[in-house]
Amino acid sequence: MSQKEPLFSEKNIKLFTDPFNHSNPVTVLVLGICSALAVTVKLQPAIVMGLSVTIVTGFASCIISMLRNTIPNRIRIIVQLVVVASLVILVDQILKAYVYDVSKQLSVFVGLIITNCIIMGRIEAFALGNKPLPSLIDGLGNGAAYGMILVIVAFFRELLGSGTLLGFRIVPESFYVKAGGFYENNGMMVLPPAALILLGIIIWVHRSINKKLVEK
Amino acid sequence: MKILRRFLDKIKPSFEKGGKLSKFHSTFEGFESFLFVPKTVTASGCHIRDSVDLKRTMSVVVLALVPCMLFGMWNVGYQHFLSAGDTSQTLFSTFLFGFLKVLPIIVVSYAVGLGIEFAFAQVRGHEINEGFLVTGMIIPLIMPVEIPLWMVALATAFAVIIGKEIFGGTGMNIWNPALLARAFVFFSYPTHISGDKVWIADGYSGATPLSNAPAGLSDLPAVSDMFFGLIPGSIGETSKVAILLGAALLIFTGTGSWKIMFSGIAGALAVGYLFNAVGGGNSYMSIPPYYHLLMGGLAFGLVFMATDPVSSAQTETGKWIYGFLTGALVVVIRVFNPAYPEGAMLVILLMNTFAPLIDHYVVAANIRRRRNRVAYRAKQNKEIPSN
Chain A
9 MSQKEPLFSE
19 KNIKLFTDPF
29 NHSNPVTVLV
39 LGICSALAVT
49 VKLQPAIVMG
59 LSVTIVTGFA
69 SCIISMLRNT
79 IPNRIRIIVQ
89 LVVVASLVIL
99 VDQILKAYVY
109 DVSKQLSVFV
119 GLIITNCIIM
129 GRIEAFALGN
139 KPLPSLIDGL
149 GNGAAYGMIL
159 VIVAFFRELL
169 GSGTLLGFRI
179 VPESFYVKAG
189 GFYENNGMMV
199 LPPAALILLG
209 IIIWVHRSIN
219 KKLVEK
Chain B
742 MKILRRFLDK
752 IKPSFEKGGK
762 LSKFHSTFEG
772 FESFLFVPKT
782 VTASGCHIRD
792 SVDLKRTMSV
802 VVLALVPCML
812 FGMWNVGYQH
822 FLSAGDTSQT
832 LFSTFLFGFL
842 KVLPIIVVSY
852 AVGLGIEFAF
862 AQVRGHEINE
872 GFLVTGMIIP
882 LIMPVEIPLW
892 MVALATAFAV
902 IIGKEIFGGT
912 GMNIWNPALL
922 ARAFVFFSYP
932 THISGDKVWI
942 ADGYSGATPL
952 SNAPAGLSDL
962 PAVSDMFFGL
972 IPGSIGETSK
982 VAILLGAALL
992 IFTGTGSWKI
1002 MFSGIAGALA
1012 VGYLFNAVGG
1022 GNSYMSIPPY
1032 YHLLMGGLAF
1042 GLVFMATDPV
1052 SSAQTETGKW
1062 IYGFLTGALV
1072 VVIRVFNPAY
1082 PEGAMLVILL
1092 MNTFAPLIDH
1102 YVVAANIRRR
1112 RNRVAYRAKQ
1122 NKEIPSN
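Chains as they are written, first to last, in this note's numbering: chain A, 9 to 224; chain B, 742 to 1128.
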């Protein structure tokens, strides 16, 4: 391997785009569901959460991949956790410093990124056997694909449950029953089950578009 | 009828395979078998041949619901004029008022539900299932009269798509679709299905017995009023007389399981008496147990929704357990959780979820018992020759 592989080689692009389609961590592998239910009531926390997970997954994969030849196999989970936990603490501190309100909304779920199955999954399945650069791309791709699903779910939950998007009012005040209209926010959308139902619908749509995913 | 038959026979070829309109085969088939008993019969395998097919079974349930619906319409008018203090109304004008209030809900429920059913059957190339005939009738009967029509449409769409079609349509659903529609409204738009503003038409307030019950016996209407149904409540659930008529028809035709109905009543009474005996803590606990059968949707739910042959327990022993737990849990939720005055809806959905588990253990117990019997016989037979 004397020849240097270009950054945007076909293989690397595929590493990044696959998670958005037929190996999506949420809709196909069904990982990271817990936080998808918890942080998607509003769009803003969902975006922040998606970004945080993208950064943590990308860098954790990259770092573990650099260390992969020196980590003793028996204690690899502990080493992985140390790396992931340090990154999560970094992200948490940055969020607290710059977007304190969102950080309060996300509360424990930032800390719980440590236990996000996607991160451990990518480290175990990919980073331990690949070079740092592909691992970084793979981690970023999976994190971003997770964030994408979060944003889709949060978009519908905030629009239908609160009538707003990113805090801006979309459904006019005059539509509401209070103001003499007929409309009413859907209270179920604010409850966690709605996220589960929406996720189910996204999986349904995804599988009808991509027929390869349908089991025989 | 003959003209209709001849017309159908004439247009039939164009809907068959290769015909001009073969795409709409399932829609045509749906209408044809709705109007006439289909000619096709099962030819192979061991089946019980009966002229009563699924559509006819559903018709029996719809027929059983008619007394509840008619009484419900009249009661809507009666409650309205009672609140308005208008005593000059005749039986007919009272009924007409309620009829005009309830009819739009029924129309919306059927139009939305059947529209979705037809669309799904069309896309999947299936025949149209007739399960919605009953669901579409029950949905209006378990809604408050003041429910906005677009909520009925949304709830019906939710129930049919999420509750039924994604599981594979009629006969594959885990939960009772009609109750799912009500649960959807209950959790999405709680102000439109609870409280005291929604049960009487045109803005009068009147609490249902259920929401008065936590305060104790003194706030409840007379037993006879609750029995005959002269109380505010969801459209079809108030009159126990109408429900009993429906129950009689269901039991007589064998469409609904009497085991579920009776064990449900037994469960509610047993827990009611238990609470009476324990007493204290909560004045709800000390009301006479039979009140629970007369208040709210327990009776309606037990007769028409807990007995749903698809989502209830299938084994005979399982039906006893399923019914008993339904009745018992309704009383428990009512008494201990004031946030959910109508326990019947949630309990039936919960028991629907557990019905397969109940069946599983009933079947497992049966297998174990028979295996033990075989083993016992085998042992005895071995001992006999040694004599």
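Glycine is no exception: its CB is placed at the ideal position from the N, C-alpha and C atoms.
CB contact check: residue i to chain B, cutoff 8 Å
i                     : result
residue 9 (chain A)   : Legend: pLDDT at residue 9 (chain A) = 44, less than 50; position of this residue unreliable, value from coordinates given subsequently. Chain B, which has no Cβ nearer than 8 Å to the Cβ of residue 9 (chain A), makes this no.
residue 190 (chain A) : yes
residue 144 (chain A) : no
residue 172 (chain A) : no
Expected contact under 8 Å - CB spacing of residue i and residue j to nearest Å
i                      : j                      : result
residue 20 (chain A)   : residue 73 (chain A)   : Not confirmed; about 14 Å, so no contact.
residue 211 (chain A)  : residue 35 (chain A)   : 5 Å
residue 95 (chain A)   : residue 56 (chain A)   : Contact doesn't hold; Cβ gap of about 15 Å is too wide.
residue 27 (chain A)   : residue 150 (chain A)  : 5 Å
residue 60 (chain A)   : residue 99 (chain A)   : 5 Å
residue 1060 (chain B) : residue 1006 (chain B) : So it is not a contact: roughly 13 Å between Cβ atoms.
residue 895 (chain B)  : residue 846 (chain B)  : Contact flag wrong, Cβ pair sits at about 13 Å.
residue 49 (chain A)   : residue 159 (chain A)  : Incorrect: roughly 13 Å between the Cβ atoms, too far for contact.
residue 986 (chain B)  : residue 808 (chain B)  : 4 Å
residue 805 (chain B)  : residue 990 (chain B)  : 4 Å
residue 974 (chain B)  : residue 824 (chain B)  : Rounded, the Cβ-Cβ distance is 14 Å, inconsistent with contact.
residue 997 (chain B)  : residue 1044 (chain B) : 7 Å
Residue i at chain A interface by Cβ criterion, 8 Å
i                     : result
residue 751 (chain B) : no
residue 885 (chain B) : no
residue 754 (chain B) : no
Under 8 Å from the C-beta of residue i: neighbouring residues of chain A
i                     : result
residue 845 (chain B) : Within 8 Å Cβ-Cβ: nothing; residue 845 (chain B) doesn't reach chain A, min ~14 Å.
Cβ-heavy atom distance, residue i to the ligand SAM, below 7 Å
i                     : result
residue 874 (chain B) : The ligand SAM is not among the ligands present in this structure, which contains no ligands whatsoever.
Under 8 Å between C-beta atoms of residue i and residue j
i                      : j                      : result
residue 839 (chain B)  : residue 817 (chain B)  : yes
residue 69 (chain A)   : residue 135 (chain A)  : yes
residue 1063 (chain B) : residue 1096 (chain B) : yes
residue 3 (chain A)    : residue 203 (chain A)  : No statement about residue 3 (chain A) is possible, as the shown extent of chain A runs from 9 to 224 and does not include it.
residue 910 (chain B)  : residue 870 (chain B)  : yes
residue 951 (chain B)  : residue 1037 (chain B) : yes
residue 1071 (chain B) : residue 1085 (chain B) : yes
residue 813 (chain B)  : residue 848 (chain B)  : no
residue 1129 (chain B) : residue 942 (chain B)  : Lying before the first or after the last residue shown, residue 1129 (chain B) is absent from chain B, which here runs from 742 to 1128.
residue 178 (chain A)  : residue 171 (chain A)  : yes
residue 977 (chain B)  : residue 799 (chain B)  : no
residue 33 (chain A)   : residue 126 (chain A)  : yes
residue 918 (chain B)  : residue 901 (chain B)  : yes
residue 980 (chain B)  : residue 970 (chain B)  : yes
residue 1088 (chain B) : residue 1067 (chain B) : yes
residue 835 (chain B)  : residue 822 (chain B)  : yes
residue 1056 (chain B) : residue 1104 (chain B) : yes
residue 193 (chain A)  : residue 169 (chain A)  : yes
residue 1093 (chain B) : residue 915 (chain B)  : yes
residue 166 (chain A)  : residue 173 (chain A)  : yes
residue 984 (chain B)  : residue 1041 (chain B) : yes
residue 196 (chain A)  : residue 925 (chain B)  : yes
Neighbour list for residue i in chain A, Cβ cutoff strictly below 7 Å
i                     : result
residue 889 (chain B) : 190
Min CB distance residue i to chain C below 8 Å
i                     : result
residue 199 (chain A) : Structure shown: chain C not included; protein chains present are A and B.
* **Chain-ordered residues of the segment 901–931 of chain B with a beta carbon less than 8 Å from chain A** => Those would be 903, 907, 925, 928, 929, 930, 931, in chain order.
* Between the segment 179–208 of chain A and chain B, which residues of the former have CB atoms less than 7 Å from a CB of the latter, in chain order? -> Answer set for the segment 179–208 of chain A: 190, 192, 194, 195, 196, 199, 205.
* **Interface residues of the segment 1079–1113 of chain B facing chain A [CB-CB below 7 Å]** => Cβ contacts with chain A come from no residue of the segment 1079–1113 of chain B.
* Of the residues that make up the segment 804–828 of chain B, which ones have a beta carbon closer than 7 Å to any beta carbon in chain A? -> If the cut-off is 7 Å between Cβ atoms, the segment 804–828 of chain B has nothing near chain A.
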